[in-house]
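Heads up: the structure comes next, in structure tokens.
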Amino acid sequence: MSKVPATLFDKVWDSHVVRKIQDGPDVFFIDRHFIHEVTSPVAFLGLENRGLKVMFSERTFATADHNTPTINQHLPVQDPLSANQLKALETNSAKYGISHWGLGNPKNGIVHVVGPENGITLPGMTIVCGDSHTSTHGAFGAIAFGIGTSEVEMVLSSQCIMQPKPKKMRINVNGQLGKGVTPKDVTLYIISRLTTAGATGYFVEYAGEVFRNMSMEGRMTVCNMSIEMGARGGMIAPDETTFAYIKGREKAPKGEAWDKALAYWKTLKTDEGAAFDAEFTYDAADIEPMITYGTNPGMGMGITRHIPLAAEAGGSKSSYEKSLDYMGFHENDSMLGKKVDYVFIGSCTNGRIEDFRAFASIIKGRKKADHVTAWIVPGSHIVEQQIKDEGILDILTEAGFQLRQPGCSACLAMNDDKIPAGKYAVSTSNRNFEGRQGPGARTMLASPLVAAAAAVTGVVTDPRELIA
Amino acid sequence: MAYDKFTILKSSAVPLPIENVDTDQIIPARFLKATERKGFGDNLFRDWRYNPDNSPKQDFVLNNPIYSGKILVAGKNFGSGSSREHAAWAIYDYGFRCVVSSFFADIFKGNSLNIGILPVQVSPAFLDKIFTAIEADPKAEIVVDLPAQTITIAATGEQESFDINSYKKHNLTNGFDDIDYLQAMKGEIAEFASKSMY
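Heads up: the sequence lines are chains A and B, in that order.
Residue numbering for the first sequence follows this note's numbering, beginning at 1090 and increasing consecutively.
Residue numbering for the second sequence follows this note's numbering, beginning at 2 and increasing consecutively.
Okay, structure coming up:
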């Protein structure tokens, strides 16, 4: 009897179900649990109140990122509340024997950057973290998704969560990406088509030529933003690109263990004829450099287009008008030429070395626009070192930019890096919600190339005009 | 974390007819710095509720004394964005026990159920009926019956049924949580882990 064709998602999910509950969720086993300072303290308090222990401390990894300053990291953290959360992470990690990469540790950085670059994230794993952008790790063919603090407590105490199996969606993008079109543009394009709720209830597999040709950094950018269309997560089947990225990283399998792992990883793909609950297919040629004009990541468009009319935008007219009013934009405006006050490159979406290479490719030989404040924030110390080693820092310095230290920074503005009220930022991060980058801040999401073009011209600019 | 059992809730409701309300609006990131779960209700909808000088914005619904109750009624795709459970904590701490919308984001829905808030997903047409009823009478009573899985507008008798996973329903009606369940099967989990590839 032949086996029923299974999807990549089915293969990984089904092999992690400890128990199926009749008419209820699955008891789902978690291979790796990342924790950070913001969503873990109440979970540890819960453990203490119940008298519970951490069941598998070696499967748990802690890093400080959301609250950390991006300058003077050698000094004590000024904000007492932030300092208190960072201290709590350190204390809890020590108490329960959890590996902790705090401020000053050479491996410190954003959780979704340091997991992959240290070989902690591997194909076929299940990975959770109290952070919605955990979907990033799906780039490796892992099932990875964000959880709430109650679930952080569950995973600490039992290494499991109770989770109904999501439905399955496949998104295919075929063809070749045009000049100046990056993985960030691919994901902003998909979200603009599907809306921020379009994939709610689904787990997405990205398939097709565009993803097969994409680097691991690019795949991480795409999977990172799966949550922005409502999906629980996104994943891409592991291939030679994946294996080459993992090989030799500190915690990756070595020797015989590598051979055994590789043989398993090669089985992790969707079988011919496997069924999805929904499927969408797009043509790479239709994707331009993208920019958002509104207050959710679905409100994006090709950079040369005009802001849609309320009647064309879908959804309620009053919510649409509220959004444009917040941004100080109008229906039918062109985004090109709009003044930019701040540029932010960094975050778990675009804080990897490839992003800084792209940024520098446009900056090289040009100068920063005088009125623009640019925050250039690597995703980790390893990325920071690469920026220095590859000569990117020299290019940035010559153009009048400064490099900051790693952390989540202005992506969610929990530290001091806040865009002032009313100011416009082109940001390579993942969210343009009201106040996301500081109270009253106005965020336009875009790729590192669009960010670079804005940083040197001081206005929203099509990066294709600056590419030789 | 223990919470109040949820069975039948009769209450007036607070209307928030805005779509795509993300968790950054429910509680902005700068208020996530506590290491204990308390006081989050004070900052619920902080930037919609208060001016930068901390004076209340008169046009925001939570500052309008004609509206009150334990039910929040919101536009579609409520709770999108960040996984911060603090958003659900803030709603609970403020005094809401139920959020009604025509669509919820996944993680928010899960977080709510885990801490004792019932998310009730209704049809867009029924959501409009609720908004209309509240517009006609700000004290209009809404009845959310979890055992029967129905939501009713008391004044008109209009009713709709809603879905909930039977396991989650059992937990909410009894005040149980998943950690109790998982602790009871740790032997099975340990055995599973011993066979894990990683």
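All C-beta atoms, glycine included, are put in the ideal place defined by N, C-alpha and C.
Next on the checklist: Taking 6 Å as the limit between beta carbons, can you name the residues of its chain near T1438/A, skipping five residues before and five after?
Outcome noted: T1310, N1313, S1518 and N1519
Checklist entry - I28/B and R85/B look like a contact to me (Cβ under 8 Å); what is the Cβ gap, rounded to whole Å? => result 7 Å
Next on the checklist: Taking the alpha-carbon of M1388/A as reference, which of I1376/A, A1402/A and H1460/A has the nearest alpha-carbon?
Outcome noted: A1402/A
Item to check | Span of the alpha helix (DSSP H), counted from its first residue to its last, around S1246/A | outcome: T1238 to S1247
Checklist entry - Span of the alpha helix (DSSP H) holding A206/B? => result Residue 206/B lies beyond the residue range present for chain B, which begins at 2 and ends at 199; the question has no answer from this structure.
Checklist entry - Out of G1435/A, L1211/A and A1341/A, which has the shortest C-alpha to C-alpha gap to L1501/A? => result G1435/A
Checklist entry - Thinking just about the alpha-carbon of each residue, which of K1142/A, A1535/A, P1165/A and P1205/A is nearest to the one in N1181/A? => result K1142/A
Next on the checklist: Relative to the C-alpha of E1420/A, which candidate in P1378/A, I1396/A and Q1526/A has its C-alpha closest?
Outcome noted: I1396/A
Next on the checklist: Let's see if you can read the secondary structure: which residues bound the beta strand (DSSP E) around C1218/A?
Outcome noted: T1215 to C1218
Next on the checklist: Helix, strand or coil for F1118/A? Go by DSSP, reduced to three states.
Outcome noted: strand
Item to check | Short CB-CB distance (under 8 Å) between S1408/A and chain B | outcome: yes
Checklist entry - From this set, A1510/A, V1461/A, I1508/A and G1511/A, which residue's C-alpha is nearest F1490/A's C-alpha? => result V1461/A
Checklist entry - If contact means a Cβ-Cβ distance below 7 Å, which residues of the segment 110-124 of chain B contact chain A? => result G111, N112, N115 and I116
Next on the checklist: On the DSSP letters alone, give me the boundaries of the alpha helix (DSSP H) that A137/B sits inside.
Outcome noted: P125 to A137
Checklist entry - If we ignore side chains and look at the alpha-carbon of each, how far apart do I143/B and V1515/A end up? => result 44 Å
Next on the checklist: Can you find the residues in the same chain that come closer than 8 Å, C-beta to C-beta, to M1090/A, ignoring five residues on each side of it along the sequence?
Outcome noted: Caution is warranted here: a pLDDT of 49 is assigned to M1090/A, below 50, making its placement in the model unreliable, and the coordinate value is therefore given only provisionally. Cβ within range, chain order: n/a, list empty.
Item to check | beta strand (DSSP E) segments (min. 3 residues) lying fully within the segment 1455-1490 of chain A | outcome: 1462-1465
Checklist entry - What's the call for V1093/A, buried or exposed, on a 16-neighbour Cβ count within 10 Å? => result exposed
Next on the checklist: So with CB distances below 7 Å, who are the chain A contacts of T157/B?
Outcome noted: Going along chain A, no residue has its Cβ under 7 Å from T157/B, so there is no contact; the nearest lies around 23 Å.
Checklist entry - What residues in the segment 1167-1187 of chain A bring their beta carbon closer than 7 Å to a beta carbon of chain B? => result L1170, S1171, N1173, Q1174 and A1177
Checklist entry - How would you label M1379/A, buried or exposed, when you count the other beta carbons within 10 angstroms and need 16 or more for buried? => result buried
Next on the checklist: I'd like the list of long-range same chain contacts for S1412/A, defined as Cβ closer than 7 Å, with 5 residues on each side in sequence excluded.
Outcome noted: G1383, T1384 and M1388
Item to check | Where the alpha helix (DSSP H) containing Y1415/A begins and where it ends | outcome: K1406 to M1416
Checklist entry - Does any residue of chain B bring its CB to less than 8 Å from the CB of S1315/A? => result no
Item to check | Residue interval of the alpha helix (DSSP H) (run including N1261/A) | outcome: Run containing N1261/A: none in the alpha helix (DSSP H); it sits in the beta strand (DSSP E), K1256 to N1263.
Checklist entry - Do I1199/A and G1547/A have their CB atoms nearer than 8 Å? => result no
Item to check | Straight-line Cα distance separating N112/B from K130/B | outcome: 27 Å
Next on the checklist: According to DSSP, is V1106/A part of a helix, a strand, or is it coil?
Outcome noted: strand
Checklist entry - Are three or more beta carbon pairs between the segment 165-176 of chain B and the segment 1106-1114 of chain A nearer than 8 Å? => result yes
Next on the checklist: For a cutoff of 8 Å on Cβ pairs, would you count M1416/A as touching chain B?
Outcome noted: no
Item to check | Residue-chain proximity (P66/B, chain A), Cβ-Cβ < 8 Å | outcome: no
Checklist entry - For the segment 1243-1251 of chain A against the segment 1338-1353 of chain A, are there 3 or more C-beta pairs whose distance is under 8 Å? => result no
Item to check | Classification of M1318/A by the beta-carbon crowding that lies within 10 angstroms, buried from 16 upward | outcome: buried
Checklist entry - Listed in chain order, which residues of the segment 170-184 of chain B have Cβ atoms closer than 8 Å to some Cβ of chain A? => result D178, D179, I180, Y182, L183 and Q184
Item to check | chain A contacts made by the segment 30-63 of chain B, where a contact means CB separation under 9 Å | outcome: A30, R31, L33, K34, A35, T36, E37, R38, R47, D48, W49 and P53
Next on the checklist: For chain A, check one thing: does any of its Cβ atoms lie closer than 8 Å to the Cβ of D5/B?
Outcome noted: no
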